Each structure stands twice: as C-alpha cells, then as structure tokens.
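*Asks:* Sharing a structure below in structure tokens format, with a few things to ask.
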Amino acid sequence: GDIEINFVLSGAIEYTFLGRSERVAAGSIAMFWAGFPHRYCACDENTRMYWINVPVTWVLDWKGVGALLNHLLSGEIASEDVRAKQTQEDARFARWIELLEMQNPHANYIVALEVEALVRWFALLCEQEQHQAKSLFHQQSVNYVLMLSKFMSTHFRQKLSVRQIADAAGLTPNYAMKIFKETCGVTIGEYLTRLRVSYAQHLLMTTDFTVAQVAHESGFGSRAQFYLVFSKVSHLSPEECRRVGESHLAS
Numbered sequence: 194g195d196i197e198i199n200f201v202l203s204g205a206i207e208y209t210f211l212g213r214s215e216r217v218a219a220g221s222i223a224m225f226w227a228g229f230p231h232r233y234c235a236c237d238e239n240t241r242m243y244w245i246n247v248p249v250t251w252v253l254d255w256k257g258v259g260a261l262l263n264h265l266l267s268g269e270i271a272s273e274d275v276r277a278k279q280t281q282e283d284a285r286f287a288r289w290i291e292l293l294e295m296q297n298p299h300a301n302y303i304v305a306l307e308v309e310a311l312v313r314w315f316a317l318l319c320e321q322e323q324h325q326a327k328s329l330f331h332q333q334s335v336n337y338v339l340m341l342s343k344f345m346s347t348h349f350r351q352k353l354s355v356r357q358i359a360d361a362a363g364l365t366p367n368y369a370m371k372i373f374k375e376t377c378g379v380t381i382g383e384y385l386t387r388l389r390v391s392y393a394q395h396l397l398m399t400t401d402f403t404v405a406q407v408a409h410e411s412g413f414g415s416r417a418q419f420y421l422v423f424s425k426v427s428h429l430s431p432e433e434c435r436r437v438g439e440s441h442l443a444s
C-alpha cells in the first residue's frame, strides 16, 4: 500500500496497472499508489532505474499534498519528464543510496526530508495541471472534495457515516457523494476503503499486531468484514500480505 516512485535512467519498463498497460520511458519519474493491483511485465535489456517505496501513512500526515493524494488514490499515475535535468536527478538518487547505506539515523532523516520534497514537487505539478485542465466543476467543488478527503484521511480509523463526512464540508450527503465521485472517479466509500486497506497493509508489515487488532486499528467493523474487503482490494489475504512484508525485510 505504499506510494511507489520509479525513476528510469535508461531503457524502459512496462507494467499492467488496474488492467491497463503503462510504460515508463528513460528520463521519466513516475509515481503511483501500489495498493492497486499492478504487475511488472516487461523491461528493456539495458534498463537502469531507481525504485523507492514511501509509506502512504507518511504522505497522509503531510499537509498540502491533497491534490496529489486524490490523483494517486483515484488510480492515476503522476509522472514528470526529467530528461533536461537527468544528470542532476541521477546524482540525487545515488546520494540517497549512499546515505542509506551509512545506516545512520541522521542520514536516514536527510533522505526522508528530500523524498518528502520530491513528493511535494509532484503535488505542486499535480495542482498546476488541475488548474490548467479544463474543468467541468466550479473551483468550490474542488475545495469541497479536498475538505472531504482531508477529513477522511484524518478520521478513517473511526467508524464514519456519509453524513459525518459530508458535515465536514457543510454539504448534504447526496451532494457530497455526487461531487466526490465526479471529481475523483471513485465513491466516498471506495476512497475510505483504500485508506483503511493501505493502513492495514502498513500495520501487517511493520507490527506484530494480530489480524483482529489490525482490523480494529484500521477502522473495520469486524474481522470478517476486514478479510473480505482486504482480500478484494489487495488480492492477498492479510496473512499473505504479512509474509510478503517479512520476505522484503529479510532480503
């Protein structure tokens, strides 16, 4: 359930994402939410790339990135053509590896801050694209959606009704559901589910909580509901997700 960042230096990579084919060419940085079903299916022989995973729980705590989060959690990919500054970007990513290999808390913190800056840059690009794009909705609708998504991002671990969420923006439940679906391409319920599943994935991979504890901490009403929703969204059972996390840590 992390935010995944791919920087392709040479060659290209191809993968299926939500059933569609996506290609990231050399000189591009791409960012997407890995909570959606995706699979790498091709890679040019001369491909060189960097691959970074950023916990979505970190990004949820950062202010000012709501537009990017909405974009990513709606199943879209954010990307930038960096061919004009590829040498500088290559040096930056290489420096991050050197700092992380030091296994020093201060060095790790530097990398975390610089990765946050990269995510914020993408958030700015996303905002600029939204302003430039032809919109069918008044800006007030976008502001309402940001208020709704911010409320859900803050309170998703609690039991929430559509009315509570709509009240956060001063809207009726029906209108809140309408503008959210039209703006983000997903329903309020789907968005809330993705936040909860992503947080559950994080807990399964980083804590020793039981599955029942993870379900409760992530905002699911029951263990049975958690199993059903988690498996549907992740295409993995909670236990399989935990094993995947443990294998990554071991490697």
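Note that our numbering has the sequence shown beginning at 194, numbered continuously upward.
Where is the CB? At the ideal position from N, CA and C, for every residue including glycine.
All of these numbers come straight from a predicted model, not from anything done at the bench.
1. Quick check: the Cα distance between A413 and F419, rounded to an integer number of angstroms?
2. Quick check: does the Cβ of L353 come within less than 7 Å of any heavy atom belonging to the ligand ADP?
3. What does the alpha-carbon distance come out to for the pair V355 and I381?
4. For W244, name the three-state secondary structure that DSSP assigns.
5. Taking all protein chains shown into account, decide if N297 is buried (16 or more other Cβ within 10 angstroms of its Cβ) or exposed.
6. Would you say A219 and G204 are within 8 Å of each other, going by their C-beta atoms?
7. Under the assumption that L388 contacts F349 (Cβ atoms under 8 Å), give the Cβ distance between them as a whole number of angstroms.
8. Within the same chain, show all residues whose beta-carbon is closer than 7 Å to that of Y233, passing over the 5 residues directly before and after it, in chain order.
9. Rounded to whole angstroms, what's the CA-CA distance from S272 to S221? Just pull it up for me.
10. Does the pairing of the region 254-268 with the region 316-324 give three or more beta-carbon distances under 8 Å?
11. The alpha helix (DSSP H) with H231 in it runs from where to where?
12. Looking at C-alpha atoms only, which residue of L385, D283, P366, E433 is the closest neighbour of K352?
13. What's the C-alpha gap between T376 and M295?
14. Looking at the structure shown, is A362 part of a helix, part of a strand, or coil, going by DSSP?
15. Counting pairs of Cβ atoms below 8 Å between the region 277-285 and the region 331-346, do you hit three or more?
16. Quick check on DSSP: helix, strand or coil for R350?
17. Can you tell me where the alpha helix (DSSP H) with W251 in it begins and where it stops?
18. So, with DSSP's three-state summary, where would you put S203?
19. Report yes or no: do three or more beta-carbon pairs, one from the region 245-256 and one from the region 301-315, lie closer than 8 Å?
20. Classify I372: buried if its beta carbon has 16 or more other beta carbons within 10 angstroms, exposed otherwise.
*Replies:* This is what the structure gives:
1. Taking the sequence shown and counting its residues from 1, the one referred to as residue 413 is at position 220. Taking the sequence shown and counting its residues from 1, the one referred to as residue 419 is at position 226. At residue 413 the sequence reads Phe, which differs from the Ala that was named. Roughly 6 Å separates the two Cα atoms.
2. The ligand content of the structure shown is nil, which means the ligand ADP is not present either.
3. Along the sequence shown, one-based indexing puts residue 355 at 162. Along the sequence shown, one-based indexing puts residue 381 at 188. For V355 and I381, the distance between alpha carbons rounds to 8 Å.
4. Position 51 of the sequence shown, counted from the start, is the residue given in the question as residue 244. W244 falls in the strand class under three-state DSSP.
5. In the sequence shown, counting from the first residue as 1, residue 297 sits at position 104. With fewer than 16 other Cβ atoms within 10 Å, it is exposed.
6. The sequence position of residue 219 within the sequence shown is 26, counting from 1. The sequence position of residue 204 within the sequence shown is 11, counting from 1. Result yes, Cβ atoms of A219 and G204 sit closer than 8 Å.
7. Here residue 388 is taken as the residue at index 195 of the sequence shown, counted from 1. Here residue 349 is taken as the residue at index 156 of the sequence shown, counted from 1. That belief holds up - the Cβ atoms of L388 and F349 are roughly 4 Å apart, short of 8 Å.
8. If you number the sequence shown from 1, residue 233 lands on position 40. For Y233, where only same-chain residues beyond five positions count, the Cβ hits under 7 Å are I206, Y208.
9. Counted from its first residue, the sequence shown places residue 272 at position 79. Counted from its first residue, the sequence shown places residue 221 at position 28. Between the alpha carbons of S272 and S221 lies a gap of roughly 7 Å.
10. yes
11. Working through the sequence shown from its first residue, we reach residue 231 at position 38. Counting along the chain, H231 falls outside any alpha helix (DSSP H), though it belongs to the beta strand (DSSP E) covering 231-236.
12. Counting from 1 along the sequence shown, the entry for residue 352 is found at position 159. The candidate whose alpha carbon is nearest that of K352 is L385.
13. Translated into positions along the sequence shown, residue 376 becomes position 183. Translated into positions along the sequence shown, residue 295 becomes position 102. Computed Cα separation, rounded: 44 Å.
14. The count along the sequence shown starts at 1 and reaches residue 362 at position 169. A362 falls in the coil class under three-state DSSP.
15. Contact between the region 277-285 and the region 331-346 is absent, because fewer than three Cβ pairs lie under 8 Å.
16. In the sequence shown, residue 350 corresponds to position 157, counting from 1. If DSSP states are grouped into helix, strand and coil, R350 belongs with coil.
17. Mapped onto the sequence shown, residue 251 falls at position 58. That run of the alpha helix (DSSP H) goes 249-254.
18. Translated into positions along the sequence shown, residue 203 becomes position 10. It is a strand residue.
19. yes
20. The residue you call residue 372 lines up with position 179 of the sequence shown. With 16 or more other Cβ atoms within 10 Å, it is buried.
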